[in-house]
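Q: Supplied in C-alpha cells, the structure appears directly below.
Numbering (this note's numbering), first residue to last: 1 to 588.
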C-alpha cells in the first residue's frame with residue numbers, strides 16, 4: 001500500500017482519530033529531484049593555462065580530458081578572475097568575486113566591502129541550490145573559500161563545505177598542500193592520509209578514490225538520486241609533485257625551451273580551430289629570458305622542471321579518467337553535465353628561475369641556481385615544494401600575454417570543456433561565445449530547468465549576476481548573452497564590452513618595462529597617472545591575443561571603456577583599488 005504524502009508546511013491530509021485503528025497516516029513528502037534529472041560534475045583544475053591541455057594544442061598528454069572535449073564542446077572565450085579563491089567563488093555562486101567579498105585569496109582579505117573574504121549567505125552556493133532540489137552534494141579536493149581566521153578547530157564551521165550545502169567533504173581547506181603529506185579534512189575534522197608516499201600515496205589518487213566512494217555509497221541506496229560533485233584536485237598548483245616515472249615520460253621533450261613550446265602550440269591551436277587562421281602570437285615577454293640566452297645549466301634545470309609539471313598533469317588526467325570510467329561503468333556518464341575549467345592562467349609564482357620551494361617567491365627570497373640544480377633528481381618528490389620558472393607559465397598561456405594574477409588574457413582566459421551527451425547533440429565542436437565563470441551556475445540551473453531560488457535556509461538571496469550560455473550547446477552561431485565584464489586583481493584592471501577590451505596593467509605591461517615588481521601599493525596620485533596614460537585598448541573580436549594596442553586610434557572608445565570599468569566597479573564593490581600582493585597578508 002503506497003504512503004500518502006503531503007508537502008511540508010501544508011495541512012495534514014490524513015485522519016487523526018482517538019486510536020490508531022480509527023486513523024489514517026500521511027507522511028511529509030521528502031525532497032526528490034525531477035525524474036531523470038542529470039548529475040552535475042564540476043572539475044576545477046588549478047593554475048592550468050589555456051595552452052596546457054592536449055585538446056588546446058599542448059604537447060602534454062591529457063587523453064581523458066581530450067576525450068571529454070571530443071565528445072562535447074571546447075570553449076575558447078571562457079574567462080576567470082586571474083586568481084584561485086576569487087574564481088572559485090564565482091564558479092560556485094554565479095556572482096562576481098567582489099560581490100562575494102573575495103577580491104583576493106582568503107589570506108589576502110582586507111576590511112572593505114568586496115574584500116573581507118566572507119562570502120555572504122545571501123549569495124547561495126550551487127550546492128545549496130541543488131540540495132534543495134533533492135540532490136546529493138559532494139565536495140572533494142581544494143576548497144580555499146573559508147576566511148583564514150575561521151579554519152581552526154574552534155570554527156565557526158558555517159563557511160566550511162558542510163556549512164555551505166555540501167553533505168560530504170574530503171580534501172584540504174587552504175590554497176595548496178603537499179601532494180604526499182596533505183593537510184586533509186574529512187567532513188569537519190582533520191585526518192592523516194592512510195598511506196605514506198613510500199607506500200604509494202599521492203593526493204590526486206586519494207581524492208578520486210573518495211569521489212568514487214561518495215557517489216557509489218549514494219547510488220547503492222538511492223540509484224535514481226542525482227548528485228552534484230565539485231571536484232577540485234590540487235593539481236596543477238605547486239608543489240608539482242608526481243612519481244618520477246610520470247615525469248620521465250617527458251624526458252627531453254622540452255629541451256628546445258619555452259619559445260619553441262609557444263610556436264608549436266600556437267600552430268596546433270590553429271590546426272584544431274582553437275584560434276582563427278589569421279591570429280597573431282602575442283609578443284615576446286620582456287620578463288622572460290629568451291631560451292637561447294639561458295646557460296646550459298639553466299636549460300638543464302628548467303627543462304626538467306617542465307618535465308615534472310607535464311608528468312603531474314598527465315598523472316592528474318589519468319586519475320580524472322578513473323572517475324570518468326566509473327561514471328561510464330555505472331551508466332551515469334551520458335546524463336552527467338560535466339564542466340571542466342581552470343581557476344586562472346598558468347602560474348608565474350616560481351619567479352624567473354623556478355624554485356625547489358615556491359614559498360621563497362611569496363617571501364621575496366631569491367633562488368639559487370646551484371641550490372636548485374643540486375636538487376634536480378629530487379624534483380617532484382617529497383623533499384621539494386617545486387615550481388617551474390615563469391617562462392613556462394608564459395608558454396603555458398599560449399597564445400596570450402602574461403599569466404596568473406594579471407588581467408591580460410593570459411591570466412583570465414582558460415580552457416573550458418562541457419560534456420553532456422544526454423543534453424546536447426554537438427560533439428567535438430568549438431564555441432567562441434564570450435562567457436565567464438559566473439555564468440556556470442545559471443547555465444546549470446537553465447539546463448536542469450530549475451528556477452533561481454528566492455530563499456536558501458530562510459535567507460533571502462541576492463540576484464545571480466551570471467547569465468546562461470546553455471543556448472550555445474547546440475547552436476555554434478548563437479550570440480553571447482554576456483556583453484560586459486569587469487576584471488580587477490590586486491590593482492591589475494581590465495574591462496570587456498562587446499568585442500573590445502581595455503587593460504590597465506599594474507605595475508606595467510611587464511616588470512622590466514615598469515621598473516617595479518608585482519605587489520607595489522597604488523597611492524592616489526599613481527592611480528590618477530594610470531588612468532591618464534596606463535590603459536591599453538584591444539579590439540579582441542579581431543585581435544584575440546591582444547597584440548595591437550589601438551588606444552591612440554580609438555581614444556573615444558578607450559575613454560568610454562574606462563568609464564564603464566568605473567561604473568562596474570561601483571556596482572560590484574571593487575573600490576578601493578589595492579595594488580598590494582603579499583603585503584595584504586602581512587599588513588591586514
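In this text, a Cβ means the ideal position worked out from N, Cα and C, and glycines have one as well. Remember, it's a predicted structure, so these values are computed and weren't measured experimentally.
1) When you compare the region 31-51 with the region 335-355, are there three or more beta-carbon pairs, one atom per stretch, that lie closer than 8 Å?
2) Might you give, ordered along the chain, the residues of its own chain that have their beta carbon closer than 7 Å to the beta carbon of residue 332, omitting 5 neighbours on each side?
3) Grouping DSSP H, G and I as helix and E and B as strand, with all else coil, what is residue 236?
4) Please work out which residues of its chain come closer than 8 Å, Cβ to Cβ, to residue 574, disregarding the five sequence neighbours upstream and downstream, and give them in chain order.
5) Any chance you could list the beta strand (DSSP E) runs of at least 3 consecutive residues sitting entirely within the region 435-505, in chain order?
6) Per DSSP, what are the beta-bridge partners of residue 78 in this structure?
7) I'd like to know whether the C-beta atoms of residue 316 and residue 398 end up nearer to each other than 8 Å.
8) Going along the chain, which unbroken runs of the beta strand (DSSP E) with 3 or more residues stay wholly within the region 14-92?
9) Does DSSP put residue 170 in a helix, in a strand, or in coil?
10) Taking the alpha-carbon positions, what's the residue 457 to residue 531 distance?
11) Between the Cα of residue 519 and those of 491, 447, 215, 202, spot the shortest distance and give me the residue it belongs to.
12) Does the beta carbon of residue 7 fall short of 7 Å from some heavy atom of the ligand SAM?
13) Tell me, please, whether the region 267-281 touches the region 14-27 by the rule of three or more beta-carbon pairs shorter than 8 Å.
14) For residue 413, count the other beta carbons within 10 Å of its own beta carbon; 16 or more makes it buried, fewer makes it exposed. Which is it?
15) What residues in its chain sit with their C-beta under 8 Å from that of residue 290, if we drop five residues either side in the sequence?
16) Considering Cα atoms alone, identify which of 578, 516, 493 is closest to residue 537.
17) Entirely within the region 291-364 and at least 3 residues each: give me those beta strand (DSSP E) ranges in chain order.
18) On the three-pair Cβ rule with 8 Å, is the region 46-60 touching the region 296-315?
19) Can you give me the Cβ contacts of residue 438 inside the same chain, cut-off strictly under 7 Å, excluding the 5 residues immediately before and after it?
20) For residue 240 versus residue 75, is the C-beta spacing smaller than 8 Å?
21) Please name the residue, chosen from 65, 325, 522, 385, that lies closest to residue 350 on a Cα-to-Cα basis.
22) When you compare only the Cα positions, how much space is there between residue 455 and residue 267?
23) What's the call for residue 22, buried or exposed, on a 16-neighbour Cβ count within 10 Å?
24) State yes or no: is the C-beta of residue 342 within less than 8 Å of the C-beta of residue 62?
25) Quick check: what's the CA-CA separation for residue 344 versus residue 263?
26) For residue 470, count the other beta carbons within 10 Å of its own beta carbon; 16 or more makes it buried, fewer makes it exposed. Which is it?
27) If I follow the unbroken alpha helix (DSSP H) through residue 536, where does it start and stop?
28) Mapping DSSP to helix, strand and coil, what is residue 577?
29) Look at the alpha carbon of residue 325 and the alpha carbon of residue 73, and state the distance between them as a whole number of angstroms.
30) Given 8 Å as the limit, is there contact between the region 229-249 and the region 402-413, that is, 3 or more CB pairs closer than that?
31) Cα-Cα, which of 165, 245, 321, 84 is closest to residue 589?
32) So residue 236 and residue 46 are in contact, right, with Cβ under 8 Å, and what is the actual spacing, rounded?
33) Ignore the nearest five residues each way along the sequence and tell me which others in residue 197's own chain have a CB closer than 6 Å to its CB.
34) May I have a chain-ordered list of the beta strand (DSSP E) segments no shorter than 3 residues that lie completely inside the region 107-165?
35) Is the region 161-172 touching the region 128-148, taking contact as three or more C-beta pairs under 8 Å?
36) If you reduce the DSSP assignment to three classes, tell me which class residue 229 lands in.
A: So, to answer that:
1) yes
2) 39
3) coil
4) 98, 103, 114, 486, 488, 568
5) 484-489, 492-497, 500-504
6) 435
7) no
8) 39-45, 73-75
9) In the structure shown, residue 170 adopts extended strand secondary structure according to DSSP, grouped into three states.
10) 44 Å
11) 491
12) Absence of the ligand SAM is noted for the structure shown, with no ligands found whatsoever.
13) Counting Cβ pairs under 8 Å, fewer than three are found: no touch.
14) Buried is the label assigned to residue 413, since at least 16 other Cβ atoms lie within 10 Å of its Cβ.
15) 259, 284
16) Taking only the C-alpha atoms, the option nearest residue 537 is 493.
17) 336-342
18) As far as the Cβ criterion goes, the region 46-60 touches the region 296-315, which means the pair count is three or higher.
19) 90, 94, 95, 96, 465, 466
20) no
21) Nearest option by C-alpha distance: 385.
22) 49 Å
23) exposed
24) no
25) In this structure, the straight-line span from the alpha carbon of residue 344 to that of residue 263 is close to 22 Å.
26) buried
27) Run containing residue 536: none in the alpha helix (DSSP H); it sits in the beta strand (DSSP E), 536-538.
28) coil
29) Per the coordinates, the alpha-carbon of residue 325 lies some 19 Å from the alpha-carbon of residue 73.
30) no
31) Residue 589 lies beyond the stretch modelled for the chain, which goes from 1 to 588, so this question has no answer here.
32) 6 Å
33) 180, 382
34) 136-142
35) yes
36) Of the three classes helix, strand and coil, the one that applies to residue 229 here is strand, per DSSP.
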